[in-house]
Amino acid sequence: MVVDQSAHQGQWVSLGQYSFDTEGDNFLQLSNATGEAMSDLVVVFDAARWSYLGRVGPSD
(Lines of atoms letter the chains of each structure in order from A; the text may use other names.)
(Lines give C-alpha, C1' and ligand atoms only; values in the text may rest on other atoms or scores of the structure.)
Protein backbone atom coordinates (compact mmCIF):
# COMPACT_ATOMS: atom_id res chain seq x y z
CA MET A 11 0.00 0.00 0.00
CA VAL A 12 1.37 3.42 -0.89
CA VAL A 13 0.12 6.60 0.81
CA ASP A 14 1.24 10.03 -0.40
CA GLN A 15 1.68 11.83 2.92
CA SER A 16 2.08 15.19 1.16
CA ALA A 17 -1.65 15.02 0.38
CA HIS A 18 -2.51 14.35 4.06
CA GLN A 19 -0.09 16.47 6.09
CA GLY A 20 -0.95 16.54 9.79
CA GLN A 21 -3.76 13.98 9.39
CA TRP A 22 -4.24 10.33 10.24
CA VAL A 23 -4.64 8.17 7.13
CA SER A 24 -6.57 4.90 7.41
CA LEU A 25 -4.70 1.84 6.19
CA GLY A 26 -7.87 -0.27 6.41
CA GLN A 27 -9.79 -2.38 8.90
CA TYR A 28 -8.42 -5.76 9.95
CA SER A 29 -9.43 -8.50 12.35
CA PHE A 30 -6.83 -9.87 14.74
CA ASP A 31 -6.68 -13.11 16.68
CA THR A 32 -6.69 -12.36 20.41
CA GLU A 33 -4.43 -15.38 20.99
CA GLY A 34 -1.94 -14.64 18.20
CA ASP A 35 1.12 -12.50 17.63
CA ASN A 36 -0.37 -9.59 15.68
CA PHE A 37 1.82 -6.84 14.28
CA LEU A 38 2.09 -4.01 11.80
CA GLN A 39 5.20 -3.86 9.64
CA LEU A 40 6.15 -0.63 7.89
CA SER A 41 9.03 -0.68 5.42
CA ASN A 42 10.58 0.99 2.41
CA ALA A 43 10.00 -2.02 0.12
CA THR A 44 8.73 0.06 -2.82
CA GLY A 45 10.86 -1.53 -5.52
CA GLU A 46 12.07 1.93 -6.55
CA ALA A 47 15.65 3.18 -6.41
CA MET A 48 16.32 4.80 -3.03
CA SER A 49 17.63 7.94 -4.73
CA ASP A 50 14.21 8.49 -6.37
CA LEU A 51 12.02 8.71 -3.28
CA VAL A 52 11.77 9.42 0.42
CA VAL A 53 10.02 6.88 2.64
CA VAL A 54 8.81 8.20 5.99
CA PHE A 55 6.48 6.94 8.69
CA ASP A 56 6.28 8.33 12.17
CA ALA A 57 3.33 6.80 14.00
CA ALA A 58 0.67 4.12 13.95
CA ARG A 59 -2.60 4.09 15.85
CA TRP A 60 -4.83 1.13 16.66
CA SER A 61 -8.56 1.85 17.07
CA TYR A 62 -10.87 -0.80 18.51
CA LEU A 63 -13.96 -0.96 16.30
CA GLY A 64 -15.85 -3.62 18.20
CA ARG A 65 -16.02 -7.38 18.35
CA VAL A 66 -16.36 -9.30 15.09
CA GLY A 67 -18.32 -12.54 15.03
CA PRO A 68 -17.04 -15.75 13.42
CA SER A 69 -17.13 -15.82 9.64
CA ASP A 70 -19.18 -18.73 8.31
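FYI, the numbering for the sequence shown is 11 to 70, going by my numbering. Ideal Cβ placement from N, Cα and C applies to all residues, glycine included. Bear in mind that the values here come from a model prediction, so they are computed numbers and not experimental data.
In angstroms, rounded to a whole number, what distance separates the CA positions of residue i and residue j?
i   : j   : result
G64 : S49 : 42 angstroms
N36 : A17 : 29 angstroms
D31 : A58 : 19 angstroms
Q15 : Q39 : 17 angstroms
Q27 : P68 : 16 angstroms
S61 : Q21 : 15 angstroms
E46 : S29 : 30 angstroms
Just confirm the distance between the C-beta atoms of residue i and residue j, as a whole number of angstroms; I'd bet it's less than 8 angstroms.
i   : j   : result
V23 : V13 : 5 angstroms
L44 : V53 : The sequence given here has Thr at residue 44, not Leu. That belief holds up - the Cβ atoms of T44 and V53 are roughly 7 angstroms apart, short of 8 angstroms.
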